[in-house]
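**Q**
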Ligand code: SF4
Ligand code: SF4
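Protein chains in written order, with full-length UniProt numbering: chain A, 1 to 171; chain B, 1 to 254.
(1) If you measure between the beta carbons of residue 188 of chain B and residue 165 of chain B, is that distance less than 9 Å?
(2) Specify the secondary structure class of residue 216 of chain B as computed by DSSP and reduced to three states.
(3) Would you check whether ligand 1 has a heavy atom nearer than 8 Å to the C-beta of residue 161 of chain B?
(4) Quick check: is any heavy atom of ligand 2 less than 8 Å from the C-beta of residue 153 of chain B?
(5) Counting only Cβ pairs nearer than 9 Å, list the residues of chain B close to residue 102 of chain A.
(6) Could you spell out where the alpha helix (DSSP H) holding residue 53 of chain A opens and where it closes?
(7) For residue 119 of chain A, would you say it is in contact with chain B, using Cβ-to-Cβ distances shorter than 9 Å as the test?
(8) Is the beta carbon of residue 156 of chain B within less than 8 Å of some heavy atom of ligand 2?
(9) Could you tell me which residues DSSP pairs with residue 166 of chain B in its beta bridges?
(10) Leaving aside the five residues before and after residue 84 of chain B along the sequence, list all residues of the same chain whose C-beta is less than 6 Å from its C-beta, in chain order.
(11) How far does the beta strand (DSSP E) with residue 195 of chain B in it extend, from its first residue to its last?
(12) Would you say residue 253 of chain B and residue 128 of chain B are within 9 Å of each other, going by their C-beta atoms?
(13) Since residue 132 of chain A meets chain B, which of its residues come closer than 8 Å, beta carbon to beta carbon?
(14) Rounded to whole angstroms, what is the Cα-Cα separation between residue 137 of chain B and residue 89 of chain A?
(15) Thinking C-beta only, is residue 121 of chain B closer than 9 Å to residue 143 of chain B?
(16) Whose CA, out of B:116, B:151 and B:183, lies closest to the CA of residue 160 of chain B?
(17) Could you give the residue range of the beta strand (DSSP E) that holds residue 64 of chain B?
(18) Can you tell which of B:57, B:51, B:48 and B:50 has its C-alpha closest to the C-alpha of residue 228 of chain B?
(19) Kindly examine ligand 1 and report whether one of its heavy atoms sits closer than 8 Å to the Cβ of residue 127 of chain B.
(20) Among A:69, A:130, A:99 and A:97, which one has its Cα closest to the Cα of residue 194 of chain B?
(21) May I ask you to check if the CB of residue 120 of chain B is nearer than 8 Å to at least one heavy atom of ligand 3?
(22) Count the other CB atoms, across all protein chains shown, that sit within 10 Å of the CB of residue 215 of chain B; report buried if there are 16 or more and exposed otherwise.
(23) Since residue 113 of chain B sits in a beta bridge, which residues does DSSP pair it with?
(24) What did DSSP end up calling residue 92 of chain A once you bin it into helix, strand or coil?
(25) Just mark residue 90 of chain B as buried or exposed, buried being the case when its beta carbon has 16 or more other beta carbons within 10 Å.
(26) On the DSSP letters alone, give me the boundaries of the alpha helix (DSSP H) that residue 119 of chain A sits inside.
(27) Determine the chain A residues that contact residue 61 of chain B at a beta-carbon separation under 7 Å, and present them in chain order.
(28) Within 10 Å of its beta-carbon, does residue 169 of chain A have 16 or more other beta-carbons around it, so buried, or fewer, so exposed?
(29) What is the rounded straight-line gap between the Cα of residue 225 of chain B and the Cα of residue 119 of chain B?
(30) Tell me whether residue 150 of chain B counts as near ligand 2, meaning its Cβ is closer than 8 Å to at least one heavy atom of that ligand.
(31) Would you decide whether residue 58 of chain A is buried or exposed? Buried here means 16 or more other CB atoms lie within 10 Å of its CB.
(32) Quick one: residues in its chain with C-beta nearer than 6 Å to the C-beta of residue 201 of chain B, no 5 flanking neighbours on either side, listed in chain order?
(33) Closest Cβ-Cβ distance between residue 197 of chain B and chain A: below 9 Å?
(34) Is the Cβ of residue 63 of chain A closer than 9 Å to any Cβ of chain B?
(35) Compute the Euclidean distance between the alpha carbons of residue 103 of chain B and residue 113 of chain B, then round it to the nearest angstrom.
(36) What are the residues that DSSP puts in a beta bridge with residue 145 of chain B?
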């Protein structure tokens, strides 16, 4: 399965190569239709474009085992963030409403090539295919200083109102 | 990597120092028998970037059932928001990473609503029966499903004595970034592993701190942690202790 996918992508890459040789002008408007993935944000990808085209699935596979089994979520020393959500963050393509499109939309970054090469993609059956909307500030990120502040607030409220009804019994 | 390994003992020393420090452990005596605990946050649990989870740590929960009001479901609500699961309208197959279970002692009539989630067993039956290796126990004691290799056979659901796992029956979209979940794979409480990896408390514990303050989270293997001290002071009850699965979750007042 994996090998089949890798071969399909290798084929895709060679097709892209062949496409550019024929079309020549880089616009994608030649005799041979070419995928036209949307441009990403950020300065540079985690690897060169050539490497990413051929090997992105291998990098993701390696990272997923590191993350799920070994709990390594941050970037490894000396390398950049290889997480899928990192990919999704930079490669989000805004739709008509300004919100990044999901994999269901043909304008999705991954879909541009995967539809072209007819390679189905399993990632998005479980992973979100677009960044989550920005969270509204909750005031607390659950770390110690916030919790201590919250609990101190609770404590003074508790002392102000007298004995807490919920603790009346069972103590 | 070797750097990370060398600094591990330093990290452990740092952690102990932090826990002793004023910011590390907060224990407020409210009234006799009513104590609020919170475990040190960010620095206390942080690993060096790129460092794997360590078997020196065993994460655990201690839940004070008497401090958990019957009507409160802050932990369940927080888990839903954090991990993006919700009722599907089919109650027989709805996901439940954590639920409140009603228990009643027939002799005294005392009734409680107990939060129950995956107990993160050291001898986990779900791991034993899994034919693919998808169900596994992380080095730091957290029991997880690797959904990349789960085939949805549901053996683990049958094996778990705590009814802690459910199968996703419907397609899911727009999951949260830290909790991927999809149709045909099994899921259960992850103890908020992504949050723990970032040095944060599990979502339920954070939510509970503002309500009943009935949950205590920490490293059972660190004798200086609040949870280890609380467990050492008074042995917690385990659900189905007769099965001797050595759960990471303990209860007081059961
Ligand atoms: S509670 Fe159930 S799912 Fe969790 S580790 Fe134990 S057997 Fe496995
Ligand atoms: S449902 Fe998935 S995790 Fe559970 S036993 Fe089967 S393969 Fe393993």
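Ideal placement from N, C-alpha and C gives every residue a C-beta, glycine not left out.
None of the values given here were measured: they were computed from a predicted structure.
**A** Looking at the atomic coordinates:
(1) As a position in the second chain, residue 188 of chain B is number 188, starting the count at 1. As a position in the second chain, residue 165 of chain B is number 165, starting the count at 1. The answer is yes: Cβ separation under 9 Å.
(2) For this step, residue 216 of chain B is matched to residue 216 along the second chain. If DSSP states are grouped into helix, strand and coil, residue 216 of chain B belongs with the strands.
(3) Your numbering for residue 161 of chain B matches position 161 in the second chain. Checking the Cβ of residue 161 of chain B against ligand 1 gives yes.
(4) By one-based count along the second chain, residue 153 of chain B stands at place 153. Residue 153 of chain B: yes, Cβ under 8 Å from ligand 2.
(5) Residue numbering aside, residue 102 of chain A sits at position 102 when the first chain is read from its first letter. The answer, in chain order, is 173 and 174.
(6) Along the first chain, read from residue 1 onward, the residue named residue 53 of chain A stands at position 53. Note, residue 53 of chain A: alpha helix (DSSP H), 49-70.
(7) As a first step, residue 119 of chain A must be located in the first chain, where it is residue number 119. So no, residue 119 of chain A is outside the interface.
(8) Counted from its first residue, the second chain places residue 156 of chain B at position 156. Answer for residue 156 of chain B: yes, Cβ within range of ligand 2.
(9) For the purposes of this step, residue 166 of chain B is taken as the residue at position 166 of the second chain. Paired residue(s): B:187.
(10) Within the second chain, residue 84 of chain B is the residue found at index 84, counting from 1. So the list reads 175, 176 and 179, once near-sequence residues are dropped.
(11) Translated into the one-based positions of the second chain, residue 195 of chain B becomes position 195. Residue 195 of chain B -> not in any beta strand (DSSP E); alpha helix (DSSP H) instead, spanning 193-197.
(12) What you label residue 253 of chain B is simply residue 253 of the second chain in a count that begins at 1. What you label residue 128 of chain B is simply residue 128 of the second chain in a count that begins at 1. No, the Cβ-Cβ distance between residue 253 of chain B and residue 128 of chain B is not below 9 Å.
(13) Here residue 132 of chain A is taken as the residue at index 132 of the first chain, counted from 1. The answer, in chain order, is 174, 176 and 177.
(14) Looking up residue 137 of chain B in the second chain gives position 137. Looking up residue 89 of chain A in the first chain gives position 89. Answer to the nearest angstrom: the Cα atoms are 30 Å apart.
(15) Residue numbering aside, residue 143 of chain B sits at position 143 when the second chain is read from its first letter. Residue numbering aside, residue 121 of chain B sits at position 121 when the second chain is read from its first letter. Cβ atoms of residue 143 of chain B and residue 121 of chain B: closer than 9 Å.
(16) Reading the second chain from its first residue, position 160 is the one you call residue 160 of chain B. Here the closest residue by C-alpha is B:116.
(17) Your numbering for residue 64 of chain B matches position 64 in the second chain. Taken as a continuous stretch (DSSP letters only), the beta strand (DSSP E) holding residue 64 of chain B covers 59-64.
(18) As a position in the second chain, residue 228 of chain B is number 228, starting the count at 1. Checking every option, the nearest Cα to that of residue 228 of chain B belongs to B:57.
(19) Counted from its first residue, the second chain places residue 127 of chain B at position 127. Yes; taking the cut-off as 8 Å, the Cβ of residue 127 of chain B has a heavy atom of ligand 1 nearer than that.
(20) Looking up residue 194 of chain B in the second chain gives position 194. Checking every option, the nearest Cα to that of residue 194 of chain B belongs to A:69.
(21) Absence of ligand 3 is noted for the structure shown, with ligand 1 and ligand 2 being the only ligands found.
(22) Your numbering for residue 215 of chain B matches position 215 in the second chain. Buried.
(23) Looking up residue 113 of chain B in the second chain gives position 113. Bridge partners of residue 113 of chain B: B:102.
(24) As a position in the first chain, residue 92 of chain A is number 92, starting the count at 1. Residue 92 of chain A: coil per DSSP, three-state reduction.
(25) Position 90 of the second chain, counted from the first residue, corresponds to residue 90 of chain B. The residue is exposed, with fewer than 16 neighbouring Cβ atoms inside 10 Å.
(26) The residue you call residue 119 of chain A lines up with position 119 of the first chain. Run containing residue 119 of chain A: none; DSSP gives neither H nor E here.
(27) Within the second chain, numbered from 1, the residue matching residue 61 of chain B stands at position 61. Those within 7 Å of residue 61 of chain B in chain A number zero; the least Cβ separation is about 15 Å.
(28) Here the question's residue 169 of chain A lines up with position 169 in the first chain. For residue 169 of chain A, the predicted structure reports a pLDDT of 41, less than 50, and the residue's modelled location is therefore unreliable. The matter cannot be settled from this model.
(29) Against the second chain, residue 225 of chain B aligns to sequence position 225. Against the second chain, residue 119 of chain B aligns to sequence position 119. The straight-line gap from Cα to Cα measures roughly 19 Å.
(30) Here the question's residue 150 of chain B lines up with position 150 in the second chain. Because some heavy atom of ligand 2 lies under 8 Å away, the Cβ of residue 150 of chain B counts as near it: yes.
(31) Here residue 58 of chain A corresponds to residue number 58 of the first chain, with the count starting at 1. So residue 58 of chain A counts as exposed.
(32) Position 201 of the second chain, counting from 1, holds the residue named residue 201 of chain B. Excluding positions up to five away in sequence, the list reads 217.
(33) In the second chain, the residue the question calls residue 197 of chain B occupies position 197. Cβ-Cβ to chain A under 9 Å: yes for residue 197 of chain B.
(34) Locating residue 63 of chain A in the first chain gives position 63, where the first residue counts as 1. False, the Cβ-Cβ gap to chain B never drops below 9 Å.
(35) Numbered from 1 along the second chain, position 103 holds the residue referred to as residue 103 of chain B. Numbered from 1 along the second chain, position 113 holds the residue referred to as residue 113 of chain B. Each residue's alpha carbon lies about 6 Å from the other.
(36) Here residue 145 of chain B refers to the residue found at position 145 when the second chain is read from its first residue. DSSP, once it has assigned bridges, lists B:135 as partnering residue 145 of chain B.
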